[in-house]
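A.B. asks: Each protein sequence line maps, in turn, to chains C, R, D and A.
If you count by this note's numbering, then the first sequence holds residues 1 to 503, one letter each, in order.
If you count by this note's numbering, then the second sequence holds residues 504 to 1006, one letter each, in order.
If you count by this note's numbering, then the third sequence holds residues 1007 to 1183, one letter each, in order.
If you count by this note's numbering, then the fourth sequence holds residues 1184 to 1360, one letter each, in order.
Ideal Cβ placement from N, Cα and C applies to all residues, glycine included.
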Amino acid sequence: MKKILIANRGEIAVRIIRACREMDLSSVAVYSECDRSALHVRLADEAYAIGPSAPRESYLRIDRLVDAARRSGADAVHPGYGFLAENEDFAAACVGAGLTFIGPTARAIETMGSKTAARGAAKRAGVPVVPGTEDPLGADATSEEIAATAQSIGYPLLVKAVAGGGGKGMRTVVDPSDLASAVGAARSEAATAFGDPAVYLERELPRPRHIEVQLLADHHGAVVPFVERECSIQRRHQKVVEETPSIAVTPALRAEITSAAAAVAKGVGYTNAGTIEFLVDENGRFYFLEMNTRLQVEHPITEMVTGLDLVQWQIRIARGERLDVDPARALTPTGHAIECRVYAEDPDNNFLPSPGRIVALRPAAGPGIRDDSGATAGLDVPIFYDPMISKLAAWAEDRPRAIARMRRALAEYLVAGIRTTVPFFTWLLSQPDFSAGRFDTTYLDGVLKAQNGRPFVEPAAGVEEMAAIAAALHTALSPARPPANGGSTGGRWKTEARLEGLR
Amino acid sequence: MKKILIANRGEIAVRIIRACREMDLSSVAVYSECDRSALHVRLADEAYAIGPSAPRESYLRIDRLVDAARRSGADAVHPGYGFLAENEDFAAACVGAGLTFIGPTARAIETMGSKTAARGAAKRAGVPVVPGTEDPLGADATSEEIAATAQSIGYPLLVKAVAGGGGKGMRTVVDPSDLASAVGAARSEAATAFGDPAVYLERELPRPRHIEVQLLADHHGAVVPFVERECSIQRRHQKVVEETPSIAVTPALRAEITSAAAAVAKGVGYTNAGTIEFLVDENGRFYFLEMNTRLQVEHPITEMVTGLDLVQWQIRIARGERLDVDPARALTPTGHAIECRVYAEDPDNNFLPSPGRIVALRPAAGPGIRDDSGATAGLDVPIFYDPMISKLAAWAEDRPRAIARMRRALAEYLVAGIRTTVPFFTWLLSQPDFSAGRFDTTYLDGVLKAQNGRPFVEPAAGVEEMAAIAAALHTALSPARPPANGGSTGGRWKTEARLEGLR
Amino acid sequence: MQHFEIEVGGRTRRVAVARTGDKFAVTLDDRTVHADVARIDAHTLSLVVDTECPTGATDPVRAAFEVTIAPDAATGQLIVGVGPTPVAVAVNGRRARRRDEASGGNGPQRLSAPMPGKIVRVLVKSGDPVRARQPLVVVEAMKMENELRAGRDGLVAELHAREGESVDAGALLVVVQ
Amino acid sequence: MQHFEIEVGGRTRRVAVARTGDKFAVTLDDRTVHADVARIDAHTLSLVVDTECPTGATDPVRAAFEVTIAPDAATGQLIVGVGPTPVAVAVNGRRARRRDEASGGNGPQRLSAPMPGKIVRVLVKSGDPVRARQPLVVVEAMKMENELRAGRDGLVAELHAREGESVDAGALLVVVQ
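1) Compare the C-beta of Asp681(R) against all C-beta atoms of chain D and say whether one is closer than 8 Å.
2) Once the 5 residues before and after Leu205(C) are set aside, which same chain residues still bring their CB inside 6 Å of it?
3) Spatial neighbours of Arg524(R) within its chain, please: C-beta separation below 8 Å, excluding the five flanking residues on both sides.
4) State the start and end residues of the unbroken beta strand (DSSP E) segment that holds Cys843(R).
5) In terms of residue numbering, what span does the alpha helix (DSSP H) encompassing Gly599(R) cover?
6) Listed in chain order, which residues of the region 830-851 of chain R have Cβ atoms closer than 7 Å to some Cβ of chain A?
7) What is the residue span of the alpha helix (DSSP H) that Glu465(C) lies within?
8) Please decide whether Gly1082(D) counts as near chain C, where near means a Cβ-Cβ distance under 8 Å.
9) What three-state label does DSSP hand Val828(R) in the structure shown?
10) Just to confirm, does Leu661(R) get its C-beta within under 7 Å of one of the non-hydrogen atoms of the ligand GTP?
11) Could you check where the beta strand (DSSP E) with Glu1164(D) kicks off and where it finishes?
12) Thinking just about the alpha-carbon of each residue, which of Pro1141(D), Arg1158(D), Arg1037(D) is nearest to the one in Lys1131(D)?
13) By DSSP's criteria, Phe278(C) is part of a beta bridge. Which residues make up the other side?
14) With contact counted as at least three CB pairs below 8 Å, one residue from each stretch, are the region 257-270 of chain C and the region 107-126 of chain C in contact?
15) Quick one: what does DSSP say Ile509(R) is sitting in, helix, strand or coil?
16) Thr506(C) versus chain R: which residues are under 7 Å apart at the beta carbon?
17) Helix or strand or just coil, what does DSSP make of Phe384(C)?
18) Could you compute how far the alpha carbon of Ala1167(D) sits from the alpha carbon of Leu1179(D)?
19) If you draw a straight line from the C-alpha of Ile565(R) to the C-alpha of Ile605(R), how long is it?
20) To the nearest whole angstrom, what separates the beta carbons of Phe351(C) and Arg235(C), a pair I think is in contact under 8 Å?
21) Closer than 8 Å is the cut-off here; do at least three beta carbon pairs connect the region 411-430 of chain C with the region 450-463 of chain C?
22) Could you tell me which chain C residues have their CB closer than 8 Å to the CB of Glu1072(D), listed as they occur along the chain?
23) With DSSP as the reference, label Phe604(R) as helix, strand or coil.
24) So, helix, strand or coil for Gln451(C), using DSSP?
25) Please name the residue in Arg712(R), Asp538(R), His543(R) whose C-alpha comes closest to that of Arg521(R).
26) When you compare each of Ala222(C), Val342(C), Val127(C), Ala193(C) to Val297(C) by their alpha carbons, which one comes out closest?
27) Given that Arg524(R) touches chain C, what residues does it touch there, using C-beta distances under 7 Å?
28) Strictly below 7 Å CB to CB, what residues from chain A border Ala47(C)?
29) Starting from Lys663(R), follow its DSSP beta bridges and name the residues at the other end.
30) Would you decide whether Ala964(R) is buried or exposed? Buried here means 16 or more other CB atoms lie within 10 Å of its CB.
31) Hey, out of Arg832(R), Ile820(R), Ala867(R), Leu947(R), whose CA is closest to His581(R)'s CA?
32) Please say whether His713(R) and Ser735(R) have beta carbons closer to each other than 8 Å?
33) Kindly list, in the order they appear in chain C, the residues whose Cβ is closer than 7 Å to that of Glu1171(D).
34) Between Ile968(R) and chain A, is the shortest Cβ-Cβ distance under 8 Å, so that the two count as touching?
35) Compute the distance between the beta-carbons of Val199(C) and Leu137(C), then report whether it is under 8 Å.
36) Mind pulling the chain A residues with CB within less than 9 Å of Arg71(C)?
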């Protein structure tokens, strides 16, 4: 393996380029129209345009990606996460074109991509699953049959798309009378989002924590599970903050849940990197939720507490190397790591996306900080993709110090031109419930509801005064924009001020 | 302790501000005239001007620093490294003004600041020192007396300033007939540089490695030595690259040399952070060289392999906390870390300083990289201070991977407007001798001599062509600077090109 | 001396700026602070501001601030970032036109698409009574479903959003009266 | 089409730039490459360049380069950073005046202080013969002692440096003839 095409964009493409460079491999970027100036294009060794900005015309075009691989002479493809990373047709197309797909087999992606099939695989491995239907609801099942099935599972329950992901095609049902309409809505949403209307039913656990286990598996039978990540801080089923290890996982639970994860992976002959997500209930019982057959967004925190490079291992596994990682090391965290997903969203306006030009950007740095980003000053945050601009991760000796370090990093993170979720994280990380680890997957939606649109960071009076002072000075000193009711001494005054006052 | 005045500038001031913020302490910056826009001023909670740019009128003015501490209501002072960090009068003045000095006692600074007194302290602790005179040469010693002393030590030898540092006031003597003039030159240089002409003689070891031991010591008798750092890559006695652990140190030698370091510190009742430097000869025998009674430039690599925050520990020790660090942990490195000191110097022009405006800067980032910097785009590198703009550190599982990661980081480090030592590091880290760890303190001066002014990175033909192409495109597309023998289609062409060609 | 009317946090403050040597005296309502200003780049200022102790008993504290200043295209305001806190500021009446519309007050609320996207759900019908912060329309954009909410209590006077339709940024979707 | 004479690595190359659609055809001596250019900021370009296989047997490789371009105040050249490699480039005869003087060639070498500092050692006397790269004067600046060396063989024709003296940037120190 000498040259890797990266079938992705943004920070994860940059992450993979870095791994390639450290391994002395050439990297090939692909880009859509609006990504021509993106950082991954600037950092890669080669770059190929693959079409218009809309993902279905570029980053989701299997034909163009395979063609770019052929033109560049790449011998392998890394899919990153998102886009085609969990698309078995893409994995198969790569292999069909003689390219090494840096990920699991198409067959493993297909099996674990069906939530019901994945639940079956977990059960066969002896791993508990959330109570629910074993198979998708029949397309011709009557309302009465569905209601009876639901009754046997118990309420509240979730209607979930078999092909689901990212909280789509999912409905909570508390009252049995809402069941039929929820099934209908979920089916239609699933059909639109995934091209597959199949849904199934699953009991909704009351206040679960989201605990997941990263795995690596080679082509020689080795499967290594890693210390768990906790991703319970979610907004509408989307992860927002992740950390490792979990404050809620005892050594005994860690041993159990990581063994369970490895058993599931072994059962399906899984290879490369993957993550098994579990729900853990208030009594510490865990249930298989689903498997992600790819690198996770939040992989850096696992790298920080274990010192292992997951992307480099993906590449090494794909080229046939043996996974000679000490299993105890993978399970033993050194210190504590937290990741905040910095999004171009306005937290004080219902987290609406805030695309636009980043006019100034100085990410946090210094001890214990890792910033994985595809953003630089001067770049636009495009409207076509996930608006994540940076994954800010902090490592420290223990959880309180990691939180303190992350707060420090957020305080020095400088960005202008777009709104970001930085102020929201500043607020969240100062909540006593967060510090105490008192949260579950319902926590954030609950506090957001309680916040009811109030700003997360209400500027203190002093801060508002400073903003007023800064705005006045900025306006007074800007040549291009004389104030409407300007100064008495006119233009020369301003020039002098610029020359002398501003050093 | 609530508020710390940082009596320093640049990256180390930024480093200390970060520690303060993580510990919920207020930080007070001081700045000279040319540092008004410096990053440490922007990041601190408060900032006080302390005078003109020349260090002796600002950062070396004890009265102004103590006054700024008083005005700000600071209750402690961190001196950083350099400037007044090893000045016992400053430590005493802080204590006299009721401020906690975050460092050792004035007495410890004074004792260990004299090279001959420090050698005496090492000997009393049973630690071998490089053979040499126990006391400074008498000011009235005759040439014959000095020659006899030199003969008893053996040639080659070094004439060294008692108050020395940074390679100043030092002369190598190979031929006995050069002794008298070398002593005279060293005395006069020492008098100028340190205000103290005293010199002593020390045997010059043939090909020593520079190995140093970081220490922490609290006010309750605990002294903890850390895994060694290797700093043999030096240019004219100035460290250029540091790494930890050393490839040349066996577990047995580590146990011995760290115990020796702790014994010296205990013997002088040392407190806070300090570093004991040793020379290790080709047979693995070590000799006390000197002690630095402050935080070292290269402390980040120790933090990276031990996970301990040395600056936070300095503050905790200063406020009386117990040093409850597991000694085994401090001695057991996790992985390997390397630091490159990125200087504003032109390596291809005899490392002449390259002050000026940094017009573009994008430091390296991503997995395993730590960038401690006081530089940002738009800032001038002042002519008055050490021209270091960044300490770039890479951590990885092992030494080869740390080198690969550092090379990746150097490749993505983007800086324009000044020359830096980045191309030199790119060259150095690809040298087989460096990879193999075959070096000693004479290595770099030797290869620099052999290089004899040839550029470190001779641009490949392809790179020169790309530079020519880029320069042509840049000129063609820049509005302000039409080419002398410009295009045939005139101005409109260029505007169009700008509008359409450049997206 | 220059005078500004600056609206911040719902209050309009009178600000006067005068040079005093190499610093600036900034009078905010009736309090004057002395600011030392350094421009870092087009969008960033470093301020060192003398903050007087109210009783005058001690020396002024010289507080350091790094602030970013960038226009908010949506509202015409300036967003001033003071540390991690973004503060919306209107200078001399450059007020929040679109944000105003969105956030209620007097007159009808005209709810527009803040970004190009696809209408995935319309949650109200024309004539429906709505409450402030009630979700009205869900737009999918940037891989997320984004709820657009009512800024005030009222009735749905106009409804231009249709499920499944693609819309451009700025397209009028709902008017609440 | 625009034409440039570009000196790089001691050679002068003729470069022609022409627009071809949204790219540029750049002809370097007799070889043409197609470059797609994006300006990142005033000093940074992203280039994606079609590099033809010499035999034409395969598709061109589309090599990506991020380059920085900044003038070198000391020489008047452009410093083009291609990855970590700085390349000095002179466009249309904007040649290295000061660097030229310093680096020998024809005519006397006029050695000036590259930065303000203090002369700590003068290692030659007027009339001394010197060899290329021989240290002549040591200037202390930025906490370092910096050796200034002869750029060519010759004789010390003028000596203006005195030990202990402070000098400004650009001050003439030695002339070697």
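C.D. replies: With the given structure in hand:
1) What you label residue 681(R) is simply residue 178 of the second sequence in a count that begins at 1. With 8 Å as the cut-off, Asp681(R) does not count as an interface residue toward chain D.
2) Walking along the first sequence from the start, residue 205(C) turns up at place 205. The residues are Leu279, Asp281.
3) Against the second sequence, residue 524(R) aligns to sequence position 21. Once the five neighbours on either side are set aside, the close Cβ partners of Arg524(R) are Ser530.
4) Mapped onto the second sequence, residue 843(R) falls at position 340. That run of the beta strand (DSSP E) goes 839-846.
5) Counting from 1 along the second sequence, the entry for residue 599(R) is found at position 96. Note, Gly599(R): alpha helix (DSSP H), 591-599.
6) none
7) The residue given as residue 465(C) occupies position 465 in the first sequence. That run of the alpha helix (DSSP H) goes 461-477.
8) On the third sequence, position 76 is the one that residue 1082(D) refers to. Not closer than 8 Å to any Cβ of chain C, the Cβ of Gly1082(D) fails to qualify, so no.
9) Counting from 1 along the second sequence, the entry for residue 828(R) is found at position 325. DSSP places Val828(R) in coil when its eight states are reduced to three.
10) Within the structure as shown, the ligand GTP is missing, as the structure has no ligands at all.
11) Within the third sequence, numbered from 1, the residue matching residue 1164(D) stands at position 158. Note, Glu1164(D): beta strand (DSSP E), 1160-1165.
12) What you label residue 1131(D) is simply residue 125 of the third sequence in a count that begins at 1. The shortest C-alpha separation from Lys1131(D) is found at Pro1141(D).
13) Mapped onto the first sequence, residue 278(C) falls at position 278. According to DSSP, which records beta bridges pairwise, Phe278(C) is partnered with Ile211(C), Phe288(C).
14) With a cut-off of 8 Å, the region 107-126 of chain C and the region 257-270 of chain C count as touching, because enough Cβ pairs lie within range.
15) The residue given as residue 509(R) occupies position 6 in the second sequence. Ile509(R) falls in the strand class under three-state DSSP.
16) There is simply no residue 506(C) to check, as chain C begins at 1 and stops at 503 in what is shown.
17) Taking the first sequence and counting its residues from 1, one reaches residue 384(C) at position 384. Correct three-state label for Phe384(C): coil.
18) Walking along the third sequence from the start, residue 1167(D) turns up at place 161. Walking along the third sequence from the start, residue 1179(D) turns up at place 173. Using only the alpha carbons, I get a separation of about 5 Å.
19) Residue 565(R) sits at position 62 when you count from the first residue of the second sequence. Residue 605(R) sits at position 102 when you count from the first residue of the second sequence. In this structure, the alpha-carbon of Ile565(R) lies about 15 Å from that of Ile605(R).
20) Numbered from its first residue, the first sequence carries residue 351(C) at position 351. Numbered from its first residue, the first sequence carries residue 235(C) at position 235. A Cβ-Cβ separation of about 7 Å places Phe351(C) in contact with Arg235(C) under the 8 Å criterion.
21) yes
22) By 1-based counting over the third sequence, the position of residue 1072(D) is 66. Neighbours of Glu1072(D) on chain C, chain order: Leu414.
23) Position 101 of the second sequence holds residue 604(R). DSSP places Phe604(R) in strand when its eight states are reduced to three.
24) Sequence index remark: in the first sequence, residue 451(C) carries index 451 (1-based). Three-state DSSP puts Gln451(C) in a helix.
25) In the second sequence, residue 521(R) corresponds to position 18, counting from 1. The candidate whose alpha carbon is nearest that of Arg521(R) is His543(R).
26) In the first sequence, counting from the first residue as 1, residue 297(C) sits at position 297. Comparing Cα-Cα distances from Val297(C) to each of Ala222(C), Val342(C), Val127(C), Ala193(C), the minimum goes to Val342(C).
27) In the second sequence, counting from the first residue as 1, residue 524(R) sits at position 21. Going along chain C in sequence order, the residues near Arg524(R) (Cβ under 7 Å) are Arg408, Ala411.
28) Along the first sequence, one-based indexing puts residue 47(C) at 47. The answer, in chain order, is Val1231, Arg1245, Ala1247.
29) The count along the second sequence starts at 1 and reaches residue 663(R) at position 160. Paired residues: Met673(R), Tyr703(R).
30) Working through the second sequence from its first residue, we reach residue 964(R) at position 461. Exposed is the call here.
31) For the purposes of this step, residue 581(R) is taken as the residue at position 78 of the second sequence. When only C-alpha atoms are compared, the closest one is Ile820(R).
32) Counting from one through the second sequence, the residue named residue 735(R) turns up at place 232. Counting from one through the second sequence, the residue named residue 713(R) turns up at place 210. In this structure, His713(R) lies closer than 8 Å to Ser735(R) by Cβ.
33) On the third sequence, residue 1171(D) is found 165 positions in, with the first residue counted as 1. Within 7 Å Cβ-Cβ: nothing; Glu1171(D) doesn't reach chain C, min ~13 Å.
34) Stepping through the second sequence from its first residue, residue 968(R) is reached at position 465. Before going further, note that residue 968(R) is Glu rather than Ile in the sequence given. Glu968(R) counts as touching chain A.
35) Here residue 199(C) refers to the residue found at position 199 when the first sequence is read from its first residue. Here residue 137(C) refers to the residue found at position 137 when the first sequence is read from its first residue. Leu137(C) is positioned such that its CB atom lies closer than 8 Å to that of Val199(C).
36) For this step, residue 71(C) is matched to residue 71 along the first sequence. Thr1241, Asp1242, Pro1243, Val1244, Arg1245, listed in chain order.
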